[in-house]
Amino acid sequence: MRTRTVPGRLPSSVRRFGATNIHLGDFDGFMLVTTLVLMTFGAIAISSASGIEATTLENPGVRQALLALVGVALSLVVASIDYRFFATASWVLYYAGVVFLALVLVPGIGTEIQGGRRWFDLGFFTLQPSEFAKLTTMLALASFVSSRADGLKEFGNFLLSLAIVGLPMALVMAEPDFDSALMFGVVWAAMMFVSRPRLAYILGLVAITPVVLFFAYTFLLREFHRVRIQAFLGQVEDPLGVSYQSTQARISIGSGGVFGYGLGGGTPSQLDLLSVRTSDFVFAHASSMFGFVGMFALLACFVILLLRVLRVAEISSDSFGQCMAVGIAAVLCFQAIVNIGMNLGLLPVAGIPLPFVSVGVSSLWTFLLAEGILQSILMHHRKLAFQRV
Amino acid sequence: MGRRKRIVYDPPHARKNGKGRRASVLRPEQLFMTRRMLLAKGAVVATFGGLAARLGIMQLAEGEEYRTLAARNTTQAEPIPATRGLIYDRSGRELAVNQQTWEVRLKPGELPDDPAARDRILGHLTNALKLPDALVLDPNDVPEEAQSIVYARTAQLLGKTLTVEPTERTAQYPFFRVAGQMTLVNGHDLLLFVYPDETSRKSDSARITANGRLVAGQEVAWPAPPRFASGGNVLAILLGADDRLGSRVERAVEKLGPATSTEQVVTALREDALEAWTAYIESERERNFLVRLEDDLTTDQAALCRAHLNELPGVGVMNQLQYLVRNGRLQEQIAVKTGVPREVALKLEANRLNLPGVELDSGVLVRRYPGGEAMSHILGYVGKISEEELQRAGELDDQRRAVDENGRIVYEPNDYIGKDGIELQLESMLRGRAGRRIVEMDPAGASWRTLPDSVVDPVPGADVRLSVDLEFQRAVAEILGEGIRYSNEDRQALAAVDPTRRVTKLSGAGSVVALDPRTGEILAMVSYPLYDNQLFVDGISQRKYQEYTSEEADKPLLDRCTRGEYPPGSTLKPFVAAAGLQDKKIDLTKTYTCTGAIQVPYAWDQSKGNTHPCWIWRIGGHEALDVYGALEQSCDVFFYNVGAPRQPIDESKTEYLHYRDSYLNDKRLGLDKHYFEGLGIQPMKRFLAEQFWFDQPTGIELPAEARGVVPDAEWRARQYQGAGWSVGDTINVSIGQGDFLATPLQLALNIAAIANGGTVRRPLLVSETAPRSGQLERREPQVLREVEIDPRWMDTVREGMRRVVHGEKGTARNYPDGSSRWALTNPSGEPEIQIGGKTGTAEIGEADENGVYDRQHAWFTCFAPFDEPEIAVAILVEDGGEGSAYAVPVADRVVRTWFEISGRRKRGLVLRPDADPRETDRSVLAESAAFPPPGAFAASGPQVLE
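Protein chains in written order, with my numbering: chain A, 16 to 404; chain B, 451 to 1396.
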């Protein structure tokens, strides 16, 4: 029988983290390469969309590329650390994440941009703690779920798992940033997907969801959220120009054709009709640059990456690793789908960045660090294999 | 290779049992995991497949369509302005409406580059729109060293300065102790009397009556109407000048120092005018590329200026339009003229092909104020949005439009925005929300098609109903104007026969606030002088604006009701009495005797002291008065006693604060010491600021309300850098003098609280708001505070106020000849309506050696009917003399008007029976509302009035 690895109660030989049982051969090159391709893609699109000469640091694409390199280095450092360390440290990281989420709400510490207090301004770039908190929450939840074995069949544990996600989620909502808060829900759902709680709990949750949604819609959502949703549902005429944006995005994408307009993009970008084209609508801008050929390649990259991430879940030797891999895959997948779906006019407009492509160091580094953990799981999954040979 | 890897990555248990089908040996949880992963992978591939399919459809199948869309895609979002909400009066009369007019705009960026063609277009517009010439200064073209000369010369050309030429002539008048030096100021004679010192000048000034016909009791035949000004050791008499010139000379002379020679006066006169002119140019420079020195040159002025241009570098005569084009930004539209007559607009429209860059808009809504000038202060006005207002409204996009956080355009550079009054206060509500449409532009940038489905209709602004009654407001404005005129003429007439009276300053301003004590609704609120708010919408000339803000014209723009702060004088006494009663410092039997004045000894030398007179001092004093009598006769000494506290006179604590009766006319003192045992400043302040509603804004829905002051030691130390507080200051506050300041609105509000038994209500100016798409919203009366004073004492104060009007010796009861001051409200033959009131004469300006001031504000506050008050009024005539003589007659007419409107009295006595308040060029008053003829009571002998 396989012994279940319980985080925090590891054999002393394992608890010492280091390179003793690292297997560099298990490093997943595919994952790194597809990531690099996606980031390159993003940097070029951002650089072009900004309309600033690509030789200065003023150009956000150039900055994105530099920060991506730093992120990859960080990712490699993380990969070299035994992932069980992160399980052990998950609670410290979790609370740190919560503290930063709370700090960002404090006027004077957090920077307010257009009514949302979401950022720390560090001069060269701004950090968005909610992005990092996604990862730390995931670590805590994975650690919790894996340490409880079949524990989620107990109602108390099920509720606790909700609480772990609920705290950071509430803080993110307070910023207010409902789109990011939604991603915490995705993290939780992913954990449930692999940890088999009682069906009754899930059904119960599904049953009260409409009530919660109604409450949230009426009391929590701000006017512009409601308008966005109603605009998507076609219930209101569109005073904020949301569907106008969406139309411009579709024109951008469609007019890209097979090969695209090349650098610079289509008329919506050049006439400044497509807004937020380095972040939320970077996909639309890229579509007009690269055309169907380029965008199909981009989608393929995402599929390859996601499959490689899910592969980590399959070969992980413990439940913590599985949870992490599935959680990361879920967030990655969900963000990509919501963002691309919005660009294609299939989903309502939401402020969710396209992983590795949209501008923003916080999102970028979070996903790179997550990949670092995945690589660590790969390289450390063979439990004391050398002793068995 | 692949085979090897599979073994390596097989879970350990699979390898351990290594036989049979792997699925059969997987434990249930692993089976679960494998299934889930399969599901997940399937989902990923399927979803992304779906996205790829959609992408394919859009880019491959529909690509061509999107490409044509993109090629045409020079669309632009254009806001559709919302119509501004209308404003109605209490009974639904229109106070602010929108009139559709033509507007001519110019896009300088689209004018032809060829200068000749440009000038032809500008010239055509100028002629068509009859735009005047402007004298313009380009500050960059003025050499540094020539600057002061240019400023001085332009000031001369435009008549902004004084040409002062000393002459050798002198004039000798027997009644002045020195000879007058004749000087020519702008062609008018100015007599300058330069005295050896200030005291001798003052004693000569004091011998002149205000109208100047009499000097030292002798009639003088002046060659032209004289105006007098004095300052320092100089007395100046200007003959036959207009008001503007007169005021300017007055201002310059009043600033003179105590030892000035004739030459210095001449220089001071020249410099004063130039200083103001330079300050104006400098302030304009900061905001404009080009400074408009005069925006409305008359033909003569233009010719004169042109003749002198060669000596003035940087100055040019150009047309208004040229100025606008040169001063504006290239990419911005310039609104050249709004309200262009239809036929002119149609002619321009027909000629449009020849006028590139000129735009005509027939749909421009211009604000009209049919209520006339009487409503100006309340309504305020709208005007073109300024740069600062744009920036405050949101972030500016590349077309300099203000965009809010949701990306919606809220203001455009040429938009109108509320600038003052209700228009400013309720801007967001009145404005509504602009709509939007997306128009496609042709390659030249002209819009040619509105995209279907892109139109978002604007949300019109909400309509607003005010509590003010237009008819009442108009009547009150007329009555107040007449009252001010009556005050000036009557006082001059009295001064002509009574040597003890002197009119140092004529009244030019005043205010009336009338509200309903039951609800706090403002019924009328008039600040005088009025101004014409329509001028601000249509574009006010600099000349007019300067007049509106000038001291000489009494600053018509200032809303005295809410922003003017004045000492309320004796009208504060009811509140002080209530406080004294509640704090048990006095009771109903307590009396104080007034001998005309008291002397409060100095702490350091008790044989001397400060004299505080009662207003009646010239004719003796009051008898022993209780609180009713003290209110009725407005005895100051009684209230000094209520106000000043029992406390040691200094730190040695050997003696307590006290006073001795003073007989000013006999110049002697009583022997007895009377010890103070009144409230003291802190308890008084507590009652006035924390029970009643002084020293804080009332919260009326008008911008920039003043708060007034209830002073105390702390305030005084802050205000005057550590100045101390003495008992004299407390004494001053107890009769509403000294540093105590209140707005007329505050006073009306607090009198209403006394009238209604102690409820301070927030002034209700906006009674209803009606969004076009929504519920009519009625603003409910709002209680600010219940005054915690025993109803008994409130009744006492009310009774005292009733006696002011109806009591035997009431200060507001009779004219000096014994006829009633309330002949209109209570004419014989109609059942009497009882009124509670309080007169006040607030003293300001310079005090003479007896502590008597040379200027007085006339006050009267009242409520009626006494038993069930439905109106409370505060009346102020600035520099109007005695409250009982000049504010009470206004009150009689105001109260009567309200009762005629509310139906309690029949129409006709004050309001013209067929009066229509919408005919703004016709009086609403009947002839019987006229004030008594000036000097009507001169025969009744010398008057001493409160």
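The C-beta atom is built at its ideal place from N, Cα and C for all residues, glycine as well. This structure is a prediction, so every number in the text was calculated from the model and none was measured.
Helix, strand or coil at residue i [DSSP, three-state]
i: D892(B); result: Because the pLDDT of D892(B) is 46, which lies under 50, any placement of that residue in the model is unreliable, and the number read from its coordinates should be weighed accordingly. Correct three-state label for D892(B): coil.
i: N358(A); result: helix
i: S391(A); result: helix
i: K834(B); result: strand
i: E386(A); result: helix
i: T484(B); result: helix
i: A1389(B); result: helix
i: W672(B); result: coil
i: Y819(B); result: coil
i: R756(B); result: helix
i: R735(B); result: helix
i: Y538(B); result: strand
i: Y645(B); result: coil
i: I1239(B); result: coil
i: I268(A); result: helix
i: E1282(B); result: coil
i: K1259(B); result: coil
Cross-chain neighbours of residue i in chain A, by beta carbon under 8 Å
i: M483(B); result: V209, A328, E329 and Q337
i: T497(B); result: C348 and I352
Within chain A, partners of residue i - CB distance below 7 Å
i: A502(B); result: F311 and L314
i: R517(B); result: S270 and G272
From the options, residue whose alpha carbon lies closest to that of residue i
i: L361(A); options: M508(B), A912(B) and A1262(B); result: M508(B)
i: I1066(B); options: V614(B), E1332(B), P708(B) and I599(B); result: E1332(B)
i: Y885(B); options: A532(B), H1124(B) and V716(B); result: The sequence given here has Gly at residue 885(B), not Tyr. When only C-alpha atoms are compared, the closest one is A532(B).
i: V209(A); options: E1258(B), R603(B) and T484(B); result: T484(B)
i: M357(A); options: S261(A), V318(A) and V376(A); result: S261(A)
i: A1314(B); options: K955(B), Y1090(B) and N1206(B); result: N1206(B)
i: G933(B); options: V592(B), Q1232(B) and L1326(B); result: L1326(B)
i: Q1141(B); options: D1033(B), T1061(B) and Y1052(B); result: D1033(B)
i: L1234(B); options: R924(B), L874(B) and T969(B); result: T969(B)
i: E1280(B); options: E1218(B), R1354(B) and R1263(B); result: R1354(B)
i: I1351(B); options: L1195(B), P1194(B), D591(B) and V1374(B); result: V1374(B)
i: L108(A); options: N172(A), I319(A) and P144(A); result: P144(A)
Limits of the unbroken alpha helix (DSSP H) element including residue i
i: C1044(B); result: Segment: none, C1044(B) is in no alpha helix (DSSP H) and carries neither H nor E.
i: W1165(B); result: A1163 to Q1169
i: I859(B); result: I859(B) -> not in any alpha helix (DSSP H); beta strand (DSSP E) instead, spanning I859 to Y861.
i: P616(B); result: Element bounds for P616(B): not the alpha helix (DSSP H) but the beta strand (DSSP E), V614 to A621.
i: L1038(B); result: It is not in any alpha helix (DSSP H) - L1038(B) carries neither H nor E in the DSSP assignment.
CB contact below 9 Å: residue i versus chain E
i: G271(A); result: No chain E is present in this structure, whose protein chains are A and B.
N- and C-terminal bounds of the beta strand (DSSP E) containing residue i
i: F1310(B); result: Y1303 to A1314
i: G868(B); result: Y866 to D870
i: T552(B); result: In the sequence on display, residue 552(B) carries Trp and not Thr. From DSSP, the beta strand (DSSP E) with W552(B) extends over E544 to L556.
Residues sharing a beta bridge with residue i, DSSP
i: S176(A); result: DSSP, once it has assigned bridges, lists no residue as partnering S176(A).
i: G112(A); result: Bridge partners of G112(A): none, in fact.
i: Q631(B); result: T620(B) and L642(B)
i: M975(B); result: V963(B)
Beta-carbon neighbours of residue i, restricted to chain B and to distances below 7 Å
i: I355(A); result: L501
i: F317(A); result: F498
i: F307(A); result: L505, G506, Q509 and L510
i: L361(A); result: R504
Residue i beta carbon near the ligand FMN (any heavy atom closer than 8 Å)
i: F274(A); result: Among the ligands in the structure shown, none appear at all, so the ligand FMN cannot be discussed.
Interface partners of residue i on chain B, CB under 9 Å
i: S432(A); result: Outside the displayed range of chain A (16 to 404) lies residue 432(A), so it cannot be described from this structure.
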